[in-house]
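Structure first, commentary second.
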Amino acid sequence: MTTNSTTNKRCEVLDAALDSAQELHGFTVKARERLTEIEGTAYVMEHKASGAHLLFLSNEDTNKAFSIAFRTPPENDTGVFHILEHSVLNGSDRFPVKEPFVNLLKSSMQTFLNAMTFPDKTMYPVASTNEKDLLNLMDVYLDAVFHPAIYRNRHIFEQEGWHYEFAPKPDDDISEESSNDIDTSRLCINGVVYNEMKGALSNPEALLFDALSAALFPDTQYRFESGGTPKAIPTLTYEDFLEQHARHYRPDNSYIHLYGNLDIDSVLAFIDERYLTPLAVSRAQEQAEDALAPRPLAFQQPIINRGVRVEMPTAPENACCGLAYCIGTSTDHERVIATDVLLDSLFGSNESPLKRALLDAGLADDATAFLGDSLLQPFAIVQLRGSRPNVLERFQEVLDKAIEELLDKGIDEDLIEASLAHSEFVMREHDFGTADGVVFAMASMAGWLYDDDAPTMFVRFEDDYAALRSKLGTGYFEQLASEIFLHNDHCASVELVPIEQTSPTEEEERIAGIAKTMTASDASAIADTVKALRKAQESIDSPEALATLPHLGVADLAQAPELPSWELDDSAPVPCIRHNAPTRGIAYAYRYYDLSCVSFEDLPYVNILTSVLGKLDTARHTAAQIDTLIQGKLGNLGFLRSVIDDETDADSFAPKLVVAASALESQCNYLVTLPHEIMFETDFSNTRKILDILIQKRALMERGFASSGNSAALARLNSYYLPSSVVREQLGGIDFYRTLKNLIEHFDEYAEELSSRLARLAMQIFSPDNLTLAFTGSEESFAQYWLACESNLGHTVSQDTSPRLIVPKPVVRNEAFVIPANVAFVTSGYNLRRLQTAQDEACASLPSYRGAWQVASKALNFEYLWNEVRVKGGAYGVGFQAGRLGGVQFHSYRDPHIDETLERFRGAPKWLRTAQPSTEDLEGYIVSTVAGLDAPHKVRDLICRQDVEYFSKRPKNALQVTRADALEASKSAFEELACAAEHALDERAVCVFGGRDVIARQNARLEVIDLLGI
92 MTTNSTTNKR CEVLDAALDS AQELHGFTVK ARERLTEIEG TAYVMEHKAS GAHLLFLSNE
152 DTNKAFSIAF RTPPENDTGV FHILEHSVLN GSDRFPVKEP FVNLLKSSMQ TFLNAMTFPD
212 KTMYPVASTN EKDLLNLMDV YLDAVFHPAI YRNRHIFEQE GWHYEFAPKP DDDISEESSN
272 DIDTSRLCIN GVVYNEMKGA LSNPEALLFD ALSAALFPDT QYRFESGGTP KAIPTLTYED
332 FLEQHARHYR PDNSYIHLYG NLDIDSVLAF IDERYLTPLA VSRAQEQAED ALAPRPLAFQ
392 QPIINRGVRV EMPTAPENAC CGLAYCIGTS TDHERVIATD VLLDSLFGSN ESPLKRALLD
452 AGLADDATAF LGDSLLQPFA IVQLRGSRPN VLERFQEVLD KAIEELLDKG IDEDLIEASL
512 AHSEFVMREH DFGTADGVVF AMASMAGWLY DDDAPTMFVR FEDDYAALRS KLGTGYFEQL
572 ASEIFLHNDH CASVELVPIE QTSPTEEEER IAGIAKTMTA SDASAIADTV KALRKAQESI
632 DSPEALATLP HLGVADLAQA PELPSWELDD SAPVPCIRHN APTRGIAYAY RYYDLSCVSF
692 EDLPYVNILT SVLGKLDTAR HTAAQIDTLI QGKLGNLGFL RSVIDDETDA DSFAPKLVVA
752 ASALESQCNY LVTLPHEIMF ETDFSNTRKI LDILIQKRAL MERGFASSGN SAALARLNSY
812 YLPSSVVREQ LGGIDFYRTL KNLIEHFDEY AEELSSRLAR LAMQIFSPDN LTLAFTGSEE
872 SFAQYWLACE SNLGHTVSQD TSPRLIVPKP VVRNEAFVIP ANVAFVTSGY NLRRLQTAQD
932 EACASLPSYR GAWQVASKAL NFEYLWNEVR VKGGAYGVGF QAGRLGGVQF HSYRDPHIDE
992 TLERFRGAPK WLRTAQPSTE DLEGYIVSTV AGLDAPHKVR DLICRQDVEY FSKRPKNALQ
1052 VTRADALEAS KSAFEELACA AEHALDERAV CVFGGRDVIA RQNARLEVID LLGI
């Protein structure tokens, strides 16, 4: 082992402890393993006195991470561990403030800060580029999980879990009512987790997954919904809530992860002295009984459970069904990877053999398959979306027959090899959108929770991929398919059957029944509880309590990181943006085609064009062969749409069709040849396949409306006042969805015209006259790329010189779209640049965006909005953003209210004007804001950011200017932002996505639109 790096120097104490078999700060170093996958070394440890497990992944990464996890198998659907995950972060012994989690978000340099509940574990991961900050985060998290305030503050359970209250009438305040005045028919349930799960389980596929888990594992923890169900959550008592914490949140049931370039000696000393040894001593003194021992994970013996039917009030097109197959145990990592590769090769695209068989059988609109892993017993799921009625038995028959026929002739080796290559590429690129240390912590738990000797099993992958490559052509994958699908004694099948919504709903009937038997004394007790809860929520942390929290100052900030540069290469055949970022031997080539040559009416068909490219036959290959080539030769290939606002002109923007590709530098020529073949040689005549794609796209959009309604609502809101967002809506929002839906409903009428239209658009768009390239990679790969480009840039198309894209004027519509959900997503706001160009004297003096607004926005988000909309209102999420392009917007997520939330939004300007942040608080907001600006970026994210910088005409020093202004933030930024927010809210632009019942209760004068026909 080399010792020339800072990391290795810091780890010498671990090496010495391992070699001498001595303890280090109470830890025994049990094993050391070099891992090329992390470019570092893994150290496995155990704390002797407390029994805590610890894994340290040591490398040179400065984005350091910590996580602590607990085994938490549920024994019912109350969601107790989900509620605990929320609740323990609401104050602790050392940090007796209401919400230290929020305080950290306000003032930390964190690059990741969250907590997650899984089906059998709960994790608390954090990451930061600053070691002092990471120790602070670690301190708060460790105290939260081991010494939470839940034992002395019942209100935490009521707020995060559930409580009864009475829905207010207009201008009504429950705190002012006497018990004799209370209308018990207004009884309802509120709570953050309760509302979150109402939203989550509005998704039919989530319900199907739960039903499959219950059918496959009827005797284990996996039969329960770990997040909790709205029906069961209100049955959880405060006493059981506390008991489950005492039983499971203990050192000998904990798994601690450390990652990155850490001073491991001091970190271990800190964890030992402050937490683990005192806990071990305390536990020994208490002589804890085995009755409170953590529940073990139960193993399900093989069972066949077919033909389960689950009913759900939802639209008929939301019907779905699934087949589930246990594949073995999580500790067989090679088999887990092999199954994932097998599912991708057989079901990954419309041309994959088993998916094609299911689609051709006409059983459903779509078919998919995926692996449920990070479980004691991983399982494969094959699922139909938009399934026909009573299709479950036929589904099983068609799949079995297709597999038998496939195995008789053998699986195409090229297909398996391509899926294997793509899977390995994804692991090597390791771009999962979050801090690597957090990803590795979650990967580790996929094996470690089930085998004490397997903490690095799911971190390692190179040997497993090498082993699987050696098994190509040996019949291994055919045997695996046979074992999983045809000769499996542990499987289940479930059909989700849509039924008409009854009125009232089951939840409403249940609550009405409680209300009907409620006495005046009961009502008074509920009113008193809510009054006490509101008082606690409105209370302010004392200066003494706040002083316990760790703080960073501006002096703790490092210098701004030096980002890789980019420049425009004018020597290339077409304009080319060159990025000088390190890529680990991967080349990235993005083609940006200008869409100004396309009419507004054609924009929906641009979306369809990008959806079908790569999925149809070309002049040289079938669609199946194209799919195999993409998987085997490229890392990624996507046909996307992007509309980039011009920073110098509020009315200007750059609409683009983006061809985004990546590959190993050794395969660089395929970055040119494959996209070229797809763009210029696709045959659009197979309208049946196009219809399959369109139906799948419609279903995907409808799922997105229900699960991420805030994103759809914000996009729609922007279209009320921004020309660029009018284009976005036509390209991929509500307006596109309407075109798509109409096209599907009248497809036979439009099919021939659609085929010719797509061919015309491809010819019109893919011209070098419309093209700007962006390339990231070595000089050698760049030269190789241009060599391949010589005859592959396309042909100039004669076009009218006048602009063809004429955009209708934006109109404020104020809409409420009905979606299948029990909650709402509420948005409101406007664009300052539009107001400033409106020739309105009242807006002439409007302030313009500057970096200090980000500081004030952070205060607004985590002081006012968090407390008003999430804590008091019960919404799962809430946010405000004031962007450099003029957008000033509020949004809520999985919200039980509409009117109340809009009223709370309207209170934001007043809060900003009256806020008096202390010097220390303001400095905390500055630190966390600047840390966010300085956060490290993965290569793909960096490329996209810099490309937007170019097309938006943003100055190259814009980030530095924003950072410098944020560092100088003062109270004046709050006052400016108050003015901006007030003007934006005065425009009364509102867009809501929500369930029918939630929308029916609103009085905001919104146009109600039954978007999905439900």
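So our numbering is basically just the index in the sequence shown, starting at one, shifted up by 91.
Every residue gets a Cβ at the ideal spot worked out from N, C-alpha and C, and that includes glycine.
All values derive from a computational prediction rather than experimental measurement.
Checklist entry - Under three-state DSSP, which class holds Gly501? => result coil
Checklist entry - How long is the line joining the alpha carbons of Ala804 and Asn922, rounded to whole angstroms? => result 15 Å
Checklist entry - Of the residues Ile721, Ser178, Glu377, Leu105, which one's Cα is nearest the Cα of Val283? => result Looking at the Cα atoms, Ser178 is the closest of the given residues.
Checklist entry - If you check the beta carbons only, do Pro655 and Asn671 fall under 8 Å apart? => result yes
Checklist entry - So, do the region 1064-1081 and the region 662-677 have three or more beta carbon pairs nearer to each other than 8 Å? => result The region 1064-1081 is not in contact with the region 662-677.
Checklist entry - Is the beta carbon of Ala606 sitting closer than 8 Å to the one on Thr275? => result yes
Checklist entry - When the distance is taken between beta carbons, is Ile174 closer than 8 Å to Glu81? => result Because the chain in this structure spans residues 92 to 1105, residue 81 falls outside the shown range and cannot be described.
Checklist entry - What residues in its chain sit with their C-beta under 7 Å from that of Tyr761, if we drop five residues either side in the sequence? => result Lys724, Leu725, Ala754
Checklist entry - Going along the chain, which unbroken runs of the beta strand (DSSP E) with 3 or more residues stay wholly within the region 948-1030? => result 968-973, 978-984
Checklist entry - DSSP on Thr208, reduced to helix/strand/coil? => result In the structure shown, Thr208 sits in a strand (DSSP, three-state: E or B).
Next on the checklist: Beta-carbon within less than 7 Å of Lys788's beta-carbon, same chain only, minus the 5 sequence neighbours each way: which residues are those?
Outcome noted: Ser702, Leu831
Item to check | Cβ-based burial, Pro480 [other Cβ within 10 Å; buried from 16] | outcome: Residue environment: Pro480 is assigned as exposed (fewer than 16 neighbouring CB atoms within 10 Å of its CB, all protein chains considered).
Checklist entry - Looking at the structure shown, is Phe315 part of a helix, part of a strand, or coil, going by DSSP? => result coil
Next on the checklist: Three Cβ pairs or more, each shorter than 8 Å: is that satisfied between the region 184-202 and the region 215-222?
Outcome noted: yes
Checklist entry - For Met136, which residues does DSSP report across the bridge? => result Val120, Leu145
Checklist entry - Considering Leu748, what are the terminal residues of the beta strand (DSSP E) in which it resides? => result 744-755
Next on the checklist: Between Ile247 and Asn181, how many whole angstroms is the CB-CB distance? I'm expecting something under 8 Å.
Outcome noted: 5 Å
Next on the checklist: Ala966 and Ser948 - do their beta-carbons sit closer together than 8 Å?
Outcome noted: No, the pair does not count as a contact, with Cβ atoms beyond the cut-off.
Next on the checklist: Using a 10 Å radius around the Cβ and a threshold of 16 neighbouring Cβ atoms, would you call Thr94 buried or exposed?
Outcome noted: Here the model assigns Thr94 a pLDDT of 39, short of 50, so the residue's position is not dependable, and the following value carries that caveat. With fewer than 16 other Cβ atoms within 10 Å, it is exposed.
Item to check | Straight-line gap, Thr420 to Cys279 (C-alpha atoms, nearest Å) | outcome: The alpha-carbon atoms of Thr420 and Cys279 are separated by roughly 43 Å.
Checklist entry - Which one of Pro369, Glu103, Glu959 has the shortest CA to CA distance from His238? => result Pro369
Checklist entry - With a CB to CB cut of under 7 Å and the five nearest residues on each side skipped, what residues in its chain are close to Asp264? => result At Asp264 the pLDDT is 48, less than 50, meaning the model places this residue with poor confidence; the figure from the coordinates comes in the next sentence. Same-chain partners within the cutoff: there are none.
Checklist entry - Do the CB positions of Ser317 and Phe209 come within less than 8 Å of each other? => result yes
Next on the checklist: I need the straight-line Cα distance from Asp152 to Gly868, nearest angstrom please.
Outcome noted: 21 Å
Next on the checklist: Between which two residues does the alpha helix (DSSP H) holding Ile418 run?
Outcome noted: Taken as a continuous stretch (DSSP letters only), Ile418 belongs to no alpha helix (DSSP H), as it is neither H nor E.
Checklist entry - Of all the options Val1052, Pro901, Ser872, Gly795, which has the alpha carbon lying nearest to the alpha carbon of Gly290? => result Minimum Cα distance to Gly290 is reached at Gly795.
Item to check | Spatial distance of Glu591 from Phe1084 (CA atoms) | outcome: 21 Å
Next on the checklist: Give me, in chain order, the residues of the same chain whose beta-carbon lies closer than 6 Å to that of Leu445; leave out the 5 immediate sequence neighbours on both sides.
Outcome noted: So the qualifying residues of the chain are Leu437, Phe438, Ala493.
Item to check | Helix, strand or coil at Met548 [DSSP, three-state] | outcome: coil
Checklist entry - Taking Cβ positions, are Pro469 and Gly463 nearer each other than 8 Å? => result yes
Next on the checklist: By alpha-carbon positions, which one of Leu1003, Phe203, Leu333 ends up nearest to Phe1065?
Outcome noted: Per the Cα distances, Leu1003.
Checklist entry - What are the complete beta strand (DSSP E) segments, minimum 3 residues, inside the region 454-501? => result 455-463, 470-478
Checklist entry - Helix or strand or just coil, what does DSSP make of Ile61? => result Lying outside 92 to 1105, the shown extent of the chain, residue 61 is not represented and no answer is given.
Item to check | Separation of Glu364 from Ala384, as counted between CA atoms | outcome: 24 Å
Item to check | Reduced DSSP category for Glu296 - H, G, I as helix; E, B as strand; rest coil | outcome: In the three-state scheme derived from DSSP, where H, G and I count as helix and E and B as strand, Glu296 is classed as helix.
Item to check | Given Ile897 as reference, the closest of Gly398, Glu692, Pro766, Val979 once Cα atoms are compared | outcome: Glu692
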